[in-house]
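>
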Amino acid sequence: MAQHTITNRPSSPPGHRRRLPYRYWVAVVYVLGLFVEIMDTTIVNVAVPALAAEFGTTPIHTHWAVLGYLLSLALFIPASGWIGDRFGTKRVFLVALALFTVASALCGLAQTLDQLIAFRILQGVGGGMLTPVGGAMLYRAFPQSQRAKAATAVFGVAVLAPAIGPVLGGLLVDTASWRWIFYINIPLGILTVALAATVLVEHREPHARRFDIAGFVLGGTALTTTLYGLSLGPTLGWTSPTIVAALICAPLVAVAFVMVERTRSEPLVHVALFRDPMFRIGNIAGGFLIGGYLGLIFLLPLFLQGPQGQSALHSGLILLPQSVGALVSSQIAGRWWYRHYGPRPLMVYGALLAAASGVAFLAVGADTDPLVTAALLGLRGLAIGPVFIALQTATYATISPAATGQAVAIYNTQRQVSAAIGIALGAAWLTARTPDKAEGVDPVSAFHESFVLVSILLLVGALISARIKTADARATMDPPPEPPTRTAGDVADPPARLSAREAGDDGAHPPRSST
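Heads up: take any position in the sequence shown, counting from 1, add 97, and you land on my numbering.
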């Protein structure tokens, strides 16, 4: 039976450790890494027109700089669990963040679109390992009854990063160069690496499972062919042999992937976790919700800088109310609404309202006052904040502590895949309905149709969310009990089952060395 090995170095100055429990150090480090990774997704969106002008192509074709990053994230997130077990979570987190930072510098130095896409893929390799490894450390550190609070803090930063990204990206594009949207990651990355090296505790499996090469290849092939077919179908033609082959190959390979993973004793993706109803519904609903939400986020900068003629900075400022609204409502939902009402009403009604606000963009034209657009986005943000707080918390509600790492990896993979597919669908429809592809369709109407398409994804997500049973999420809603002493499982990796003395008091210290 494999044993867990936890190796410690001094994590922080003694005074700091007394003031701040170890689990909060984990949260700070994870949130900083997550901030850099998420901000880099949205900061590029407002720069797409500038990238197209720099490399002599169209904004629609330039979206591969976004898709390449998301594709790489999705490919390496499932592998991150094995990599963390094999080499240690602290070491992997540090290497992933360092790789992400170096790749950011290379993106800024890119001379062609192909180079930029290649370096963005390299960035995604680092980000793909960064998020799930850090997320697993975070959820191990917090007991189940406090995970809604942890999710609120994480989601707050996860919303703040997209809020800052477009504004900062627009400012850098307008006043300096698009290259600075990547250079800005360098100081943030160095700072986070230094802090993580100081405070994190190493955790690794001395007998890591074998790497599932077949699962990695099949999963990557299914995802790549899906995005290839959806993205290039409008350009090459849906009857093109390569597009037809890709769209036929994608579901066949996906089925083969699931069949292989079900028979593996040590699979890359533990598909058996989908037998858990809450986890299954949460991921399926999340796929539509995330795809619909991020699909519109990708399309809006193109609309604002295209038909409306806004600058990159102005488009970023117009997008800001959406993230501010989500930040405000997520904090309220995480602290009060979720505990009293549970996940289902927050997800269903929030997604319906977000979908309605997306459809309301049919009234936004080329000459619409930017304040009207910003107000609609603020409403959309207020609606979506509770949705993702409830989704992230409820999805893990019935997952055992020992399976948390695998569950986090699956959820994060689904998040990136959903984002990539949502963006690909929106971009594909927009490409197919541009005037040179569809006679009699003006650019504004093409955008309107794309807005409706991604809003339909939110509507489907709301319908699926209605199947969630609040009773199954009860453990994440109740206030934490008041036990006389803390258990080791509150701060240590649950399978390790360290003694309370070894784990430290109240989670204030990282667990001491144990083999």
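Just so it is clear, CB atoms sit at the ideal spot from N, CA and C, and this is done for glycine as well.
On the DSSP letters alone, give me the boundaries of the alpha helix (DSSP H) that TRP335 sits inside.
Along the sequence shown, one-based indexing puts residue 335 at 238. TRP335 -> no alpha helix (DSSP H), and no H or E assigned at all.
> Consider the Cβ of PRO229: report whether some Cβ of chain B lies at a distance smaller than 8 Å.
This model lacks chain B altogether, as it is built from one protein chain only.
> By the DSSP assignment, the alpha helix (DSSP H) with GLU546 in it spans what residues?
As a first step, residue 546 is located in the sequence shown; it is residue number 449 there, counting from the start. First-last of the alpha helix (DSSP H) with GLU546: 540–562.
> Given a cut-off of 8 Å, decide if ASN282 and THR198 are closer than it, judged by their beta-carbon atoms.
On the sequence shown, residue 198 is found 101 positions in, with the first residue counted as 1. On the sequence shown, residue 282 is found 185 positions in, with the first residue counted as 1. Yes, these two residues count as a Cβ contact at 8 Å.
> In angstroms with no decimal places, state the Cα-to-Cα distance between HIS367 and GLN402.
On the sequence shown, position 270 is the one that residue 367 refers to. On the sequence shown, position 305 is the one that residue 402 refers to. Rounded to the nearest whole angstrom, the C-alpha separation of HIS367 and GLN402 is 43 Å.
> For ILE561 and ALA524, what's the separation of their Cα atoms in angstroms?
On the sequence shown, position 464 is the one that residue 561 refers to. On the sequence shown, position 427 is the one that residue 524 refers to. When rounded, the distance between both Cα atoms is 25 Å.
> Could you tell me the alpha carbon to alpha carbon distance between ALA171 and GLN513, rounded to whole angstroms?
Working through the sequence shown from its first residue, we reach residue 171 at position 74. Working through the sequence shown from its first residue, we reach residue 513 at position 416. Straight-line Cα distance between these residues: approximately 5 Å.
> Starting from SER497 and walking both ways along the alpha helix (DSSP H), at which residues does that stretch end?
Taking the first residue of the sequence shown as position 1, residue 497 is located at position 400. No alpha helix (DSSP H) contains SER497, which DSSP labels as neither H nor E.
> Using three-state DSSP, classify PHE354 as helix, strand or coil.
Residue mapping note: residue 354 aligns to position 257 of the sequence shown, counting from 1. Residue state, collapsed to three classes: helix.
> Within its chain, find whatever has a CB closer than 7 Å to the CB of MET234; leave out the 5 residues flanking it on each side and keep chain order.
Your numbering for residue 234 matches position 137 in the sequence shown. Only VAL123, TYR127 and THR186 meet the Cβ criterion.
> Within this structure, are the beta carbons of GLY447 and VAL551 separated by less than 8 Å?
Within the sequence shown, the letter at position 350 stands for residue 447. Within the sequence shown, the letter at position 454 stands for residue 551. Contact flag unset, no.
> Answer yes or no: do PRO259 and SER420 have a C-beta to C-beta separation smaller than 8 Å?
Looking up residue 259 in the sequence shown gives position 162. Looking up residue 420 in the sequence shown gives position 323. Yes, Cβ-Cβ distance for PRO259 and SER420 is below 8 Å.
> Compare the Cα-Cα distances from THR465 to each of LEU449, ALA480 and GLN407 and report the closest residue.
The residue labelled residue 465 in the question sits at position 368 within the sequence shown. Selected option, being the one with the closest Cα: GLN407.
> Among the candidates ALA529, GLN489, PHE132 and PRO540, whose CA atom is the shortest distance from the CA of THR332?
Taking the first residue of the sequence shown as 1, we reach residue 332 at position 235. Closest option to THR332, Cα to Cα, is ALA529.
> Could you give the first and the last residue of the continuous alpha helix (DSSP H) run that contains THR154?
By 1-based counting over the sequence shown, the position of residue 154 is 57. Segment: none, THR154 is in no alpha helix (DSSP H) and carries neither H nor E.
> What residue does the alpha helix (DSSP H) around PRO398 start on, and which one ends it?
Here residue 398 refers to the residue found at position 301 of the sequence shown. Taken as a continuous stretch (DSSP letters only), the alpha helix (DSSP H) holding PRO398 covers 374–402.
> For LEU210, which option in GLY267, LEU522 and VAL163 has the closest C-alpha, if you only look at C-alpha atoms?
Locating residue 210 in the sequence shown gives position 113, where the first residue counts as 1. Checked all of GLY267, LEU522 and VAL163; the closest Cα to LEU210 is VAL163.
> What does the alpha-carbon distance come out to for the pair LEU117 and GLY439?
To locate residue 117, count along the sequence shown from 1; it is residue 20. To locate residue 439, count along the sequence shown from 1; it is residue 342. Roughly 30 Å separates the two Cα atoms.
> When you compare the CB positions of THR139 and TYR166, do they come within less than 8 Å of one another, or not?
Position 42 of the sequence shown holds residue 139. Position 69 of the sequence shown holds residue 166. For THR139 and TYR166, no; Cβs fall outside 8 Å.
> Do you know how far the Cα of GLU358 is from the Cα of ALA319?
Within the sequence shown, residue 319 is the residue found at index 222, counting from 1. Within the sequence shown, residue 358 is the residue found at index 261, counting from 1. Cα to Cα, ALA319 sits roughly 14 Å from GLU358.
> Are at least three pairs of beta-carbons, each pair with one atom in the stretch 500–518 and one in the stretch 224–234, less than 8 Å apart?
yes
> Do you know how far the Cα of THR154 is from the Cα of PRO577?
Here residue 577 refers to the residue found at position 480 when the sequence shown is read from its first residue. Here residue 154 refers to the residue found at position 57 when the sequence shown is read from its first residue. Legend: pLDDT at PRO577 = 45, less than 50; position of this residue unreliable, value from coordinates given subsequently. Their backbone Cα atoms lie some 55 Å apart in a straight line.
> Thinking LEU410 and ASP309 are a contact (beta carbons under 8 Å), I'd like their distance in whole angstroms, please.
Translated into the one-based positions of the sequence shown, residue 410 becomes position 313. Translated into the one-based positions of the sequence shown, residue 309 becomes position 212. The distance from the Cβ of LEU410 to that of ASP309 is about 46 Å, inconsistent with a contact at the 8 Å cut-off.
> If you compare alpha carbons, which of ALA149, GLY519, VAL445 and VAL125 is closest to LYS566?
Residue numbering aside, residue 566 sits at position 469 when the sequence shown is read from its first letter. Taking only the C-alpha atoms, the option nearest LYS566 is VAL445.
> Checking 8 Å against the spacing of the C-beta atoms, do GLY392 and GLY221 come in under that value?
Along the sequence shown, read from residue 1 onward, the residue named residue 392 stands at position 295. Along the sequence shown, read from residue 1 onward, the residue named residue 221 stands at position 124. Cβ distance not < 8 Å, so GLY392 and GLY221 don't count as in contact.
> Would you kindly work out how many angstroms separate the C-alpha atoms of ALA273 and MET136, rounded to a whole number?
Numbered from 1 along the sequence shown, position 176 holds the residue referred to as residue 273. Numbered from 1 along the sequence shown, position 39 holds the residue referred to as residue 136. In a straight line, the C-alpha of ALA273 is about 18 Å away from that of MET136.
> GLY130 and LEU191 - do their beta-carbons sit closer together than 8 Å?
Translated into positions along the sequence shown, residue 191 becomes position 94. Translated into positions along the sequence shown, residue 130 becomes position 33. In this structure, LEU191 lies away from GLY130, with their beta-carbon atoms at least 8 Å apart.
> Between PHE385 and the rest of its own chain, which residues show a CB-CB distance below 6 Å, the 5 nearest in sequence each way excluded?
Walking along the sequence shown from the start, residue 385 turns up at place 288. Counting only Cβ-Cβ distances below 6 Å, and skipping sequence neighbours, we find LEU554, VAL557 and GLY558.
> Would GLY383 pass as a contact of SER497 if the rule is Cβ separation under 8 Å?
The residue given as residue 383 occupies position 286 in the sequence shown. The residue given as residue 497 occupies position 400 in the sequence shown. No, Cβ-Cβ distance for GLY383 and SER497 is not below 8 Å.
> How about the stretch 425–437 and the stretch 474–484: do they share at least three Cβ pairs that are nearer than 8 Å?
yes
> If I measure Cβ to Cβ from GLY455 and keep anything under 8 Å in the same chain, skipping five residues before and after, which residues do I get?
Looking up residue 455 in the sequence shown gives position 358. Within the same chain, GLY455 has close Cβ partners GLY389, LEU393, ARG477, PHE548, VAL549, VAL551, SER552 and LEU555.
> Thinking just about the alpha-carbon of each residue, which of LEU227, PHE279 and ALA543 is nearest to the one in VAL290?
In the sequence shown, counting from the first residue as 1, residue 290 sits at position 193. It is LEU227 whose Cα lies nearest to the Cα of VAL290.
> Are the beta-carbon atoms belonging to GLY422 and GLY475 less than 8 Å from one another?
Within the sequence shown, numbered from 1, the residue matching residue 422 stands at position 325. Within the sequence shown, numbered from 1, the residue matching residue 475 stands at position 378. Going by C-beta atoms, GLY422 is nearer than 8 Å to GLY475.
> DSSP on GLN208, reduced to helix/strand/coil?
Translated into the one-based positions of the sequence shown, residue 208 becomes position 111. Correct three-state label for GLN208: coil.
> For HIS437, which of helix, strand or coil comes out of DSSP?
Within the sequence shown, numbered from 1, the residue matching residue 437 stands at position 340. HIS437 falls in the helix class under three-state DSSP.
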